[in-house]
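**Q**
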Amino acid sequence: MNTLFSTSIFKKDIRSIFRELGKSKFAKILIQIFKEFSIPVILSYIVLIYYPNTESTKQSSVSNAERYFAYLFFISWFTGNLNRIIKQKKTEKSFEDLKVKTEDLIKQLEEASINTIGHLTGGDSYPQITLLACLNAEKNGDMLKPFFYISSNGVFPIYNLKIMITCYSPHGTIVFDQVQEIDILHQNNQYSIDGVLPFYPEDGVKMITYIVTRNALFFQKNRIDIVDGNSVVATKIFKLIKKDEYSVLYKYIDPSYNGMSDEQIFGTGQFDFSYCQKI
6 MNTLFSTSIF KKDIRSIFRE LGKSKFAKIL IQIFKEFSIP VILSYIVLIY YPNTESTKQS
66 SVSNAERYFA YLFFISWFTG NLNRIIKQKK TEKSFEDLKV KTEDLIKQLE EASINTIGHL
126 TGGDSYPQIT LLACLNAEKN GDMLKPFFYI SSNGVFPIYN LKIMITCYSP HGTIVFDQVQ
186 EIDILHQNNQ YSIDGVLPFY PEDGVKMITY IVTRNALFFQ KNRIDIVDGN SVVATKIFKL
246 IKKDEYSVLY KYIDPSYNGM SDEQIFGTGQ FDFSYCQKI
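For the sequence shown, this note's numbering assigns the number 6 to the initial residue and increments by one for each residue that follows.
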């Protein structure tokens with residue numbers, strides 16, 4: 006009974022010793038050495054045994070030892086480099102995967118940032134004023150006085166719009182001058198502008214619009230004419246980049262204006278910043 010008890014205690018002590026050794030740095034080094042060299046040692050021994058050993062190639066025990074260590078060195082070098090290459094390829098693949106994930110994350114962050122900034126500032130959205138004239142069927146085809154509405158081109162809302170519309174008759178006199186404010190303009194929303202033109206545009210109307218928003222300044226030129234009882238329109242929208250420099254955001258010219266230059270259609274007048282002070 007005492008012998009069995011002593012044996013069990015001894016086994017527990019041995020296990021605890023090995024467990025403690027396994028936790029030590031030295032034991033980890035020995036384990037790593039075993040992993041690195043166990044296969045080369047075994048392969049070297051196998052090669053030594055099966056190496057042809059005829060009468061003409063018999064070697065002494067010292068020579069066999071030399072051969073063994075030569076095999077061991079070569080196989081260790083080969084397996085070591087093979088392991089290094091395998092680990093390197095795994096590391097490279099990990100880096101490639103990490104690079105792809107990082108690029109995807111950066112792209113997502115950029116898209117999220119652009120989306121957030123766009124919702125705060127209006128992004129690349131821009132407003133458009135439309136001058137519309139239509140026929141009134143109840144009045145036997147008489148032309149109704151034109152009216153205006155504003156819409157948004159773009160996915161982001163536009164904030165704090167201040168609009169000044171000025172229309173000119175064919176003789177160059179101002180026939181409509183209206184200022185209006187809109188807090189927010191969403192995509193696919195349309196808002197009517199107060200007022201209508203005080204005359205029928207049979208001879209054509211030219212319009213210049215200034216629109217100040219939270220973070221941008223837009224200009225628009227329009228022309229509307231009546232051709233064979235139908236209204237034809239030309240539109241050109243600009244955005245101020247810096248003083249006296251504009252970018253064209255939108256341009257539409259009805260085919261009825263073919264053969265006419267932009268100056269002939271819209272006029273040669275330049276944008277006047279003093280108008281913006283009024284709004």
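Here a beta-carbon is modelled for each residue, glycine too, at the ideal position from N, C-alpha and C.
Taking only three categories from DSSP, how would you classify Val67?
**A** With a pLDDT of only 49 at Val67, under 50, the local geometry of the prediction cannot be trusted, and the value read off the model is given with reservation. DSSP places Val67 in helix when its eight states are reduced to three.
**Q** Using 8 angstroms as the Cβ pair cut-off and three pairs as the minimum, do the segment 220 to 233 and the segment 182 to 190 touch?
**A** no
**Q** Please confirm whether Tyr255 and Thr218 have their CB atoms less than 8 angstroms apart.
**A** Against a cut-off of 8 angstroms, the Cβ pair of Thr218 and Tyr255 comes out as no contact.
**Q** Let's test the definition: count the other Cβ atoms within 10 Å of the Cβ of Lys265 and tell me whether it reaches 16, buried, or not, exposed.
**A** According to the sequence provided, residue 265 is Met. The question's Lys does not apply to it. Its Cβ having fewer than 16 others within 10 Å, Met265 is exposed.
**Q** Could you give the DSSP three-state label for Asn120: helix, strand or coil?
**A** helix
**Q** If you draw a straight line from the C-alpha of Val67 to the C-alpha of Ile36, how long is it?
**A** Because Val67 sits at a pLDDT of 49, beneath the cut-off of 50, its placement in the model cannot be relied upon, and the following sentence gives the value as read from the coordinates. Approximately 30 angstroms, taken between the alpha carbons.
**Q** Nearest to Ser197 by CA position, among Ala221, Phe152 and Ile170, is which residue?
**A** Phe152
**Q** Can you list, in chain order, the residues of its chain whose CB lies under 7 angstroms from that of Asp182, leaving out five sequence neighbours each side?
**A** Thr171
**Q** Going by DSSP, which residues form a beta bridge with Asp230?
**A** Val237
**Q** Using CA atoms only, rank isn't needed, just tell me which of Leu222, Gly123, Pro260 and Val105 is closest to Ser243.
**A** It is Phe, not Ser, that sits at residue 243 in the sequence shown. That would be Leu222, whose Cα lies nearest to the Cα of Phe243.
**Q** Grab me the residues of Tyr251's own chain with a C-beta within less than 8 angstroms of its C-beta, minus the 5 sequence neighbours each way, in chain order.
**A** Correct list, in chain order: Phe224, Phe243, Lys244, Leu245 and Phe276.
**Q** In the DSSP assignment, find the alpha helix (DSSP H) that holds Asp267 and state where it starts and stops.
**A** Asp267 to Phe271
**Q** Restricting to Cα atoms, I'd like to know which of Ile270, Ile44 and Glu115 is closest to Ile80.
**A** Ile44
**Q** If you run the structure through DSSP and keep just helix, strand and coil, what is Asn220?
**A** coil
**Q** For Thr214, which residues does DSSP report across the bridge?
**A** Bridge partners of Thr214: Ile170 and Gln225.
**Q** If you run the structure through DSSP and keep just helix, strand and coil, what is Ser157?
**A** strand
**Q** My guess is that Gly128 and Ile122 are in contact by the Cβ rule of under 8 angstroms, so how many angstroms apart are they, rounded?
**A** 7 angstroms
**Q** Could you work out which residue in Met212, Asn194 and Glu41 is closest to Gly272 when comparing CA atoms only?
**A** Minimum Cα-Cα distance from Gly272 among the listed residues Met212, Asn194 and Glu41 corresponds to Met212.
**Q** So is Phe78 buried or exposed if we call it buried at 16+ other beta carbons inside 10 Å?
**A** exposed
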